[in-house]
Amino acid sequence: MSKDQYTKEDELKDAIDNTELETNQEESQEEKEVEAKEEDEIVPTPEELLAEEKNKYLRLFAEFENYKKRTSKERVELFKTAGQQVMTALLPILDDFERASAHAETNKKETKKLDKEASKEIASLNKGMSLIQQKLVATLEQKGLTSVEVKSGDDFDADVHQAITQIPAPSDKLKGKIIDCVEKGYKLGDKIIRHPKVVVGQA
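Residue numbering for the sequence shown follows the UniProt record's numbering, beginning at 1 and increasing consecutively.
#1: May I have the straight-line CA-CA distance separating residue 147 from residue 186, to the nearest angstrom?
#2: Residue range of the alpha helix (DSSP H) that residue 86 falls in?
#3: Identify the continuous alpha helix (DSSP H) that holds residue 207 and give its terminal residues.
#4: To the nearest angstrom, how far is the alpha carbon of residue 130 from that of residue 190?
#5: Run the CB neighbour count on residue 50, radius 10 Å, all protein chains shown included, and call it buried at 16 or more, exposed below.
#6: Could you give the DSSP three-state label for residue 183: helix, strand or coil?
#7: Is the number of C-beta pairs between the stretch 88-107 and the stretch 122-141 that are closer than 8 Å three or more?
#8: Near residue 111, which residues of its chain fall below 6 Å by C-beta distance, leaving aside the five closest residues on each side in sequence?
#9: Is it a yes or a no for the stretch 175-182 touching the stretch 132-143, going by three-plus beta-carbon pairs under 8 Å?
#10: So, using beta-carbon positions, are residue 145 and residue 188 closer together than 7 Å?
#11: How would you call residue 86, buried or exposed, if buried means at least 16 neighbouring beta carbons within 10 angstroms?
#12: Please go through the same chain and pick out, in chain order, the residues whose beta-carbon is closer than 7 Å to the beta-carbon of residue 163, but skip the five residues on each side of it.
#13: So, using beta-carbon positions, are residue 92 and residue 150 closer together than 7 Å?
#14: Taking Cβ to Cβ, would you say residue 169 is nearer than 7 Å to residue 202?
#15: Assuming residue 170 is part of the beta strand (DSSP E), what are its boundary residues?
#16: Which residues does DSSP pair with residue 150 in a beta bridge?
#17: Between the C-alpha atoms of residue 97 and residue 71, what's the straight-line distance to the nearest angstrom?
#18: So, using beta-carbon positions, are residue 81 and residue 193 closer together than 7 Å?
#19: Rounded to the nearest angstrom, what separates residue 100 and residue 62 at their Cα positions?
#20: Which residues in the same chain as residue 181 place their Cβ atom closer than 6 Å to its Cβ, once the five residues preceding and following it in sequence are excluded?
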C-alpha cells in the first residue's frame with residue numbers, strides 16, 4: 001500500500017514538475033518574442049520626433065484658424081440678420097410718417113381756412129413731424145437702408161417687385177409695365193428686405 005502511495009506521489013510530483021517546465025518554456029518563448037519585436041521596432045530619431053510634433057502643431061494651428069474664420073463669419077451674419085430684423089420692424093413706422101406727411105400736404109389749403117392761431121399750431125406740428133421723419137430716414141440711411149425706386153411705366157421685374165394686382169393697361173405703352181406703386185420697397189445694403197408692392201398693367 002505504501003508502495004502504491006509512493007508511486008502516486010511520485011507521479012503527482014512528476015506531473016507538477018512537467019507543468020512547471022512547460023510554463024517556464026512558454027514564458028521564455030514569450031520573452032524571446034517580445035525581445036524580437038523590440039529589436040524589430042525602429043526607434044525614431046529626435047529629428048523625426050521633432051518633425052512629427054511640428055506636423056501636429058501645424059494641423060492644430062490650421063484647425064484653430066478655420067475655427068476663428070467660421071466664428072467671425074457667424075458673428076457678422078448674426079449682426080446682419082439682427083440689423084435686418086430691426087430695419088424691417090421700423091419700416092411700418094416710416095410708412096406712417098410718409099402717409100402723415102402726404103395727408104398734411106393735401107390738407108394745407110383747409111388749414112389756411114382756420115383762424116391764424118390754429119393754422120400756426122398745425123403748421124408747427126407738421127414741421128415737427130417732418131423733422132422727426134427726416135431724422136429717422138437719415139439715421140436709417142446711415143445704417144445702409146435705401147428705398148427701391150419705382151416709377152409708373154417701369155418694367156415689372158419679379159425679382160425686385162411684388163405684383164399685388166393686375167388691371168387693364170390704360171395704354172399700350174403700359175402693358176406689362178408698372179402702373180402704380182402701392183407700398184415702397186427697401187434695400188439693406190444690396191439685399192431687398194421689402195419688395196415694392198406694385199400694380200401691373202395686363203399685357
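The C-beta atom is built at its ideal place from N, Cα and C for all residues, glycine as well.
Let me spell this out:
#1: Position 147 of the sequence shown, counted from the start, is the residue given in the question as residue 147. Position 186 of the sequence shown, counted from the start, is the residue given in the question as residue 186. So the two alpha carbons sit approximately 4 Å from each other.
#2: In the sequence shown, the residue the question calls residue 86 occupies position 86. Element bounds for residue 86: 46-106.
#3: Past the boundaries of the shown model lies residue 207; the chain is included only from 1 to 203, so the question cannot be answered.
#4: Position 130 of the sequence shown, counted from the first residue, corresponds to residue 130. Position 190 of the sequence shown, counted from the first residue, corresponds to residue 190. Going from the Cα of residue 130 to the Cα of residue 190 covers about 28 Å.
#5: Here residue 50 corresponds to residue number 50 of the sequence shown, with the count starting at 1. Label assigned to residue 50: exposed.
#6: Indexing the sequence shown from 1 puts residue 183 at position 183. Strand at residue 183.
#7: yes
#8: Position 111 of the sequence shown, counted from the first residue, corresponds to residue 111. Counting only Cβ-Cβ distances below 6 Å, and skipping sequence neighbours, we find 119, 122.
#9: Here the stretch 175-182 does not lie against the stretch 132-143, with fewer than 3 beta-carbon pairs under 8 Å apart.
#10: Along the sequence shown, one-based indexing puts residue 145 at 145. Along the sequence shown, one-based indexing puts residue 188 at 188. Yes. Within cutoff.
#11: What you label residue 86 is simply residue 86 of the sequence shown in a count that begins at 1. The residue in question, residue 86, is exposed, as its Cβ has fewer than 16 Cβ neighbours within 10 Å.
#12: Residue numbering aside, residue 163 sits at position 163 when the sequence shown is read from its first letter. If we look at residue 163 and ignore the five residues flanking it on each side, its Cβ neighbours are 156, 198, 200.
#13: Counting from 1 along the sequence shown, the entry for residue 92 is found at position 92. Counting from 1 along the sequence shown, the entry for residue 150 is found at position 150. No; because the gap between Cβ atoms is not below 7 Å, this pair is not in contact.
#14: The residue you call residue 169 lines up with position 169 of the sequence shown. The residue you call residue 202 lines up with position 202 of the sequence shown. Yes. Within cutoff.
#15: Position 170 of the sequence shown holds residue 170. No beta strand (DSSP E) holds residue 170; DSSP gives it neither H nor E.
#16: Taking the sequence shown and counting its residues from 1, the one referred to as residue 150 is at position 150. In DSSP, residue 150 forms no bridge with anything.
#17: Counting from 1 along the sequence shown, the entry for residue 97 is found at position 97. Counting from 1 along the sequence shown, the entry for residue 71 is found at position 71. Cα to Cα, residue 97 sits roughly 39 Å from residue 71.
#18: Here the question's residue 81 lines up with position 81 in the sequence shown. Here the question's residue 193 lines up with position 193 in the sequence shown. Not closer than 7 Å, so no.
#19: Residue 100 sits at position 100 when you count from the first residue of the sequence shown. Residue 62 sits at position 62 when you count from the first residue of the sequence shown. Near 57 Å, if we compare the C-alpha coordinates of residue 62 and residue 100.
#20: Here residue 181 refers to the residue found at position 181 of the sequence shown. Only 150, 196, 198 meet the Cβ criterion.
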